[in-house]
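Engineer:
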Amino acid sequence: MSGPEIGRTTWRALRARRRDVGRLAAWSVVESLPALLAGLLVARAVDQGFLAGRFATGLAWLGGLAVAILLGAVATGRVYRSLGAVVEPFRDELARLVVHGALHDATRAGGHPDSAPVARLTHHVEIVRDTFGGLVMVVRGFLFTAGAALLGLLALDATVAALVAAPLLAGLVVFAAALPAMLAHQRTQVRAGEALGRSAATALTGHRDVLACGAEERAVAEVDRRVDDHADAERTLARMSALRSLSLGLGGWLPVVVLLLAAPWLVRRGLSTGAVLGALVYVTTSLQPALHALVQGLGGGGLRYAVTLERILVTCRPPPHSGSAAIPTPEPDADRTAVRVADLTFRYGPRARPILDNFSMALPEGEHLAVVGPSGTGKSTLAALVAGLVEPERGTVHLAGRPVAAVAPADRATLRVLVPQEAYVFSGSLADNLRYLCPDADDAAVETALARLGADVLARRLGGLAATVDPATLSAGERQLIAAVRAYLAPAPLVILDEATCHLDPTLEATVESAFARRPGTLVVIAHRISSAVRARRVLVFDEDGPLAGSHHELLARSPVYRDLVGHWDATASPAADPDRAADGDRPVGADRVVTTDRAAVAERAAAAGGLPHRG
């Protein structure tokens, strides 16, 4: 997610309510009448009234200013009424987006209810609503008030208008140049706060495992590091307020100094005393407050608006893929086949037992399939056959209606991407590694993919997209994470993960698989943990009677092998009947039925539950 995307979202919200925005602008013109007339009327009151000895005439001119102020007050009430017609529908759109994202994540295969969307709905959306309304008001107020004041100054004297406009423009330039840095630091502060919350929550949730493996100091150090990061981000953000003060000094107070210093010269060239006083009225009662509201509004609420809206869009909307616009996750299209395997037979050697024998399968576009089974039953062989890496003894494989055997190897990357267990990372920049299959992906798409797959922390630790990657210094899990982001960005509609997340902890593995499940296209996961099957729409289990497909619940009823992999002792057992087996239900597929309680196993679980680093 980038600044332009935030701008486009805001612009679309305003364009969708053009009539209400037009009404808001019309009332803003009336509201700005005091800013337009104040200096002129004060000048007339002084020159033609009080200094000329005509007290009643001076009061009459000031009475005209009072009428303008009353009209402006009436218009202010109408402005707020029009503002509600612009802001409230935008809030409703964001609420629908959050609800849609929460329901999608909770009802998709393997999904579960999450309290975080509730926080986004009740807190983040209200922040965006309030700051959006505030931004509309301060930007609108500055444009109309400053514009009216400058027109009034121009009516008084063109030279005076130029003397005031020059420092005002300088202050605006300084503020505009500092805004990107302010936004970056605000984003860092928000992310540091979220990271601190996650670290503290995982440490508290996994405190028993932390105590069991003696990792108290390590867990405390991790939380302490997050506290320091958040404090550093807060201090940096506070220092940025100096730039706001500089822009206010240049644009708000320097014009006053310039007018006072230039007053004798202006009077000598024929400017009246009332005109000088009127110019000061324009600066102090209109330009200076309008600039102050703009700088404080954009520098405070504006930054919160951008960062909070960014978090909502990133977490509640499926990300753009290969630079395309974000679209909802598609359901499988039964009328269009992504993978079709017909009468497939394969064996390693002419006299070996067939790994696959007359196997047929069809996957519609948008399907999410998990392939499970004991070791050596042919899961990875099936992945290699579908990807076209090996040729079958008999049978055919079609991808998107095209026979794989007839597609040149160089062109197969447009149809599928296969991520093996041993991920390949080459020496070079992180960006080059990630863009290897999609060279045209821009930084925004890459950063979105990193965030979706939970790899943004790794990218920051390595030094960003431009950092040089040394494969020898990476753990197996870090290499798998880089390879997963590379595949996520690839344009191929079919992704095959062949135990490609086996070195990741269960939480990060779930994040990666969930991101691929929301990615447009078809996903096949050769699973090493049974939780991958629970998250999938369909499961293919290599049963003793041959491959058998179905949903998780269907296979529990139909396949003894699948029940065994899940952790059932027999056809009538259930996880609830055996808590030890239920707790161990996420063990690697095909592992022995042994519930370990040794210190190493507890430490590994503490690493996943307590937020401790788990490498390789």
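First residue of the sequence shown? That's 10 in this note's numbering, and the numbers climb one at a time after it.
We put the CB at the ideal spot given by N, CA and C, even for glycine.
#1: Rounded C-beta distance between A519 and Y433? I'm assuming under 8 Å.
#2: Rank A460, T510 and L372 by C-alpha distance to the C-alpha of S484 and give the top, closest one.
#3: Comparing alpha-carbon positions, which option in L92, T477, D101 and A190 lies nearest A443?
#4: Pairs of beta-carbons, one from the stretch 257-267 and one from the stretch 169-189, closer than 8 Å: are there three or more?
#5: Label A25 either buried or exposed according to how many other C-beta atoms from any shown protein chain fall within 10 Å of its C-beta, with 16 as the threshold for buried.
#6: Which runs of the alpha helix (DSSP H) spanning at least 4 residues fall entirely within the stretch 509-568, listed in chain order?
#7: Could you work out which residue in A422, P298 and R87 is closest to R32 when comparing CA atoms only?
#8: So what does DSSP say about A371, is it helix, strand or coil?
#9: For L92 and P189, I'd like the C-alpha separation in whole angstroms.
#10: Using 8 Å for Cβ pairs, my map puts A542 next to H561. What's the rounded Cβ distance?
#11: Determine the direct distance from the alpha carbon of T211 to that of V290, and round the result to whole angstroms.
#12: Keeping to the same chain, check which residues put their C-beta closer than 6 Å to that of P480; ignore five residues upstream and five downstream.
#13: Go ahead and pull the three-state DSSP assignment for G463.
#14: State yes or no: is the C-beta of F355 within less than 8 Å of the C-beta of P429?
#15: Cα separation between L85 and G150?
#16: Classify A22 as helix, strand or coil using the three-state DSSP reduction.
#17: Got a sec? Which residues, its chain only, sit under 7 Å from F5 by beta carbon, not counting five neighbours each side?
#18: S295 and A158: beta carbons closer than 8 Å?
#19: Does DSSP put F355 in a helix, a strand or coil?
#20: Which of helix, strand or coil does DSSP assign to D451?
#21: Looking at V348: is its Cβ nearer than 8 Å to the Cβ of V426?
#22: L378 lies in the beta strand (DSSP E); which residues open and close that run?
#23: Excluding the 5 residues preceding and the 5 following R138 in the sequence, name in chain order all residues of the same chain whose CB lies nearer than 8 Å to its CB.
#24: Please list, in chain order, all residues of the same chain as A61 whose beta carbon is under 6 Å from its beta carbon, the five residues on each side excluded.
#25: Taking the straight line between their C-alpha atoms, what separation do you get for S208 and E231?
#26: Between which residues of its own chain and L312 is the CB-CB distance below 7 Å, once the five residues before and five after are set aside?
#27: Any idea which residues DSSP pairs S438 with across the strands?
#28: Alpha helix (DSSP H) containing I364: first to last residue?
#29: DSSP on L280, reduced to helix/strand/coil?
#30: Which one or two residues does DSSP pair with H407 in a beta bridge?
#31: Specify the secondary structure class of V426 as computed by DSSP and reduced to three states.
#32: With the cut-off set at 8 Å, would you say A52 and A284 are in Cβ contact?
#33: Any idea which residues DSSP pairs V504 with across the strands?
#34: Check whether the Cβ of V533 sits closer than 7 Å to any heavy atom of the ligand ADP, and report yes or no.
#35: So W70 and L50 are in contact, right, with Cβ under 8 Å, and what is the actual spacing, rounded?
#36: Can you tell me whether V603 is buried or exposed, with buried defined as 16 or more other CB within 10 angstroms of its CB?
Structural biologist: On the basis of the data shown:
#1: The beta carbons of A519 and Y433 sit about 24 Å from each other, so the pair does not count as a contact at 8 Å.
#2: T510
#3: Ala is not the amino acid found at residue 443; the sequence shown has Leu there. Per the Cα distances, T477.
#4: Yes, since at least three Cβ pairs between the stretch 257-267 and the stretch 169-189 fall closer than 8 Å, the two stretches touch.
#5: exposed
#6: 515-527, 539-544 and 561-567
#7: R87
#8: Here A371 sits in strand by DSSP.
#9: Each residue's Cα considered, the two are about 27 Å apart.
#10: 6 Å
#11: 58 Å
#12: For P480, same chain residues with a beta-carbon under 6 Å away, outside a window of 5 residues either side, are V434 in chain order.
#13: If DSSP states are grouped into helix, strand and coil, G463 belongs with coil.
#14: no
#15: The sequence shown places Thr at residue 85, rather than the Leu named in the question. If you draw a straight line from the Cα of T85 to the Cα of G150, it is about 11 Å long.
#16: helix
#17: Residue 5 falls outside the range modelled here, since the chain spans only 10 to 625, and no answer is possible.
#18: yes
#19: strand
#20: In this structure, D451 counts as coil in the three-state DSSP scheme.
#21: No, the Cβ-Cβ distance between V348 and V426 is not below 8 Å.
#22: H377 to V381
#23: The beta carbon of R138 is closer than 8 Å to those of V96, E97, F99, R100 and L103 in its chain, skipping five residues each way along the sequence.
#24: none
#25: 7 Å
#26: M191, L192 and Q195
#27: T477
#28: That residue, I364, is in no alpha helix (DSSP H); it is neither H nor E in DSSP.
#29: Coil, per DSSP.
#30: R349 and P412
#31: strand
#32: yes
#33: Under DSSP, the beta-bridge partners assigned to V504 are V426 and L532.
#34: Ligands displayed in this structure: none; no statement on the ligand ADP is therefore possible.
#35: 5 Å
#36: The predicted position of V603 is uncertain, since its pLDDT is 29 and thus under 50; no value can be drawn from it.
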